[in-house]
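Novice:
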Amino acid sequence: MLVPRMALADSAAAFRKLLILIELKGGNDGLNMVVPYADPAYYALRPRIAIKRDEVLQLDAATGLHPALQPLMPLWQDRQLAVLQGVGYPQPNLSHFRSIEIWDTASRSDQYLQQGWLTRVFAGHPTPAAFSADGVIIGSQELGPLAGGARAVALSSTDQFLGNARLAMPANTHGNAALDHLMKVETDIVKAADGMRPTQGKVALRTVFPKGAFGDVVRTAAQVIGNGEQTGKPVAVLRLTLGNFDTHQNQNGTQAGLLTQLADGLVALKSALVELNRWDSTVISTYSEFGRRPRENQSGGTDHGTAAAHFVLGGRVNGGLLGASPQLNRLDGSGNLGHAIDFRNVYASLLRQCWSIDGSDVGSSGLLDLVRA
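Residue 1421 in our numbering sits at position 101 of the sequence shown, with consecutive numbering throughout.
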């Protein structure tokens, strides 16, 4: 079937913004990341692990950031960082496996879906044929929001991926549905590799990337974006992973180290995107399967909780505080927080404001004012 040239142009225009999702794997403690430092209940619930008031990076008279996030303060001051408070969902599940499945599929807590939320989006709104893939997964082999049929590739580095992709063979029809599907996947890998392979040599960036695993993830992401810009075969979404935030014990040191990696990685990613002239056309959003319980445990940590704070940042992001401050005096029967923002409203807002797609694919039409045109 021939697709009208105008429709192809409209499709390319719809995906003019790159979406980068960063999974904070393990359940990040939102209360020590975005600190309600003016609430006495915060210090009463966390006598040992609360962030000291004089160490908090103040955002306003009641709320501040963990001191490890100091590198993000210029983004906050430039109103390119939105801080979403109380992101969660009704009837929360405290199992790592089930809760991240809910986030990855944008399902209700009592609903089981086989496809990731982005896979469903791309099924109804295909990315342009010129795109090398729908998305790239970096830092994890789990496809998450791209599971179940999206044109997605998981890789640890662009060099490794391009080397492995040379082993894939183009597909032919064999009359065997399972084999044909496997060969189609290999063909998609070949096409993705062609799109990611730089035509004029490896893209050189002046940005200095942090040392360590997450620094390598960010470096690989920047290379994928740069290669796509050079070849004219970009992708619509990248999913990066940082973990492990499952801080049942000795939380302060572990989380501080992870948040340092997050902040340094985000600053480097911004620098690379500015070099590639993509900062204003990129939106970055964090997510995690759940937050942590407000009351500290006996091991200097926190147990599985519910709603938490998340970040959205980019050159066209409407920076500021969204949602509502945590109601620490109104915990549920399990000692957990209620949510102020349904995570599916975040997804719907990103779809509408990045790609001009409504939120029906993620079961939501509620919108937040996150991104300017």
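For every residue, glycine included, the Cβ atom is placed at its ideal position computed from N, Cα and C.
Here the structure is a predicted model, which is why all the values come from computation and not from measurement.
Quick check on the burial criterion: 16 or more other C-beta atoms within 10 angstroms. Buried or exposed for V1765?
Specialist: Nothing about residue 1765 can be read from this structure; the chain reaches only from 1321 to 1693.
Novice: Tell me which residue opens and which closes the alpha helix (DSSP H) that R1559 is part of.
Specialist: R1559 -> not in any alpha helix (DSSP H); beta strand (DSSP E) instead, spanning V1555 to G1563.
Novice: What ranges does the alpha helix (DSSP H) occupy inside the region 1333-1382, keeping only unbroken runs of at least 4 residues that lie completely in it?
Specialist: Listed in chain order, the complete alpha helix (DSSP H) runs (minimum 4 residues) inside the region 1333-1382 are 1350-1353 and 1360-1365.
Novice: Let's test the definition: count the other Cβ atoms within 10 Å of the Cβ of V1375 and tell me whether it reaches 16, buried, or not, exposed.
Specialist: Sequence inspection shows Glu at residue 1375; the Val mentioned does not correspond to that position. Exposed, since its Cβ has fewer than 16 Cβ neighbours within 10 Å.
Novice: Assuming I1342 and T1606 make a contact with CB atoms under 8 Å, what is their CB distance in whole Å?
Specialist: With 8 Å as the limit, I1342 and T1606 qualify as a contact, their Cβ atoms being about 5 Å apart.
Novice: Since I believe L1365 is in contact with P1614 (beta carbons under 8 Å), could you give me their beta-carbon distance rounded to a whole number of angstroms?
Specialist: Right, their Cβ atoms sit about 5 Å apart.
Novice: Indicate the three-state DSSP secondary structure (helix, strand or coil) for G1683 in the structure shown.
Specialist: Coil.
Novice: Quick check for students: name the residue ranges of the alpha helix (DSSP H) that lie wholly in the region 1610-1693, counting only runs of 4 or more.
Specialist: Within the region 1610-1693, the complete alpha helix (DSSP H) runs of at least 4 residues are 1663-1675.
Novice: Can you give the beta carbon distance from V1407 to H1630, rounded, assuming they're within the 8 Å contact cut?
Specialist: With 8 Å as the limit, V1407 and H1630 qualify as a contact, their Cβ atoms being about 5 Å apart.
Novice: Considering just the uninterrupted stretch of the beta strand (DSSP E) at D1454, what are its terminal residues?
Specialist: Counting along the chain, the beta strand (DSSP E) containing D1454 begins and ends at A1453 to I1458.
Novice: Beta carbon of R1598, beta carbon of T1551: below 9 Å?
Specialist: No; because the gap between Cβ atoms is not below 9 Å, this pair is not in contact.
Novice: Using a Cβ-Cβ cut-off of 8 Å (strictly less than) and excluding sequence neighbours within five positions of M1353, which residues of its own chain qualify?
Specialist: Excluding residues within five positions, the ones whose Cβ falls inside 8 Å are L1385, H1386, L1389, Q1575, L1579, A1628 and A1629.
Novice: Suppose the cutoff is 8 Å on Cβ atoms and the five residues either side in sequence are ignored; what does the same chain contact list for P1391 look like?
Specialist: Within the same chain, P1391 has close Cβ partners A1583, D1584, L1586 and V1587.
Novice: If distances are taken between C-alpha atoms only, which option among N1348, P1446 and G1683 comes closest to V1555?
Specialist: Checked all of N1348, P1446 and G1683; the closest Cα to V1555 is P1446.
Novice: On the criterion of 16 or more Cβ atoms from any shown chain inside 10 Å, does N1570 qualify as buried, or is it exposed?
Specialist: By the 10 Å Cβ count, N1570 comes out exposed.
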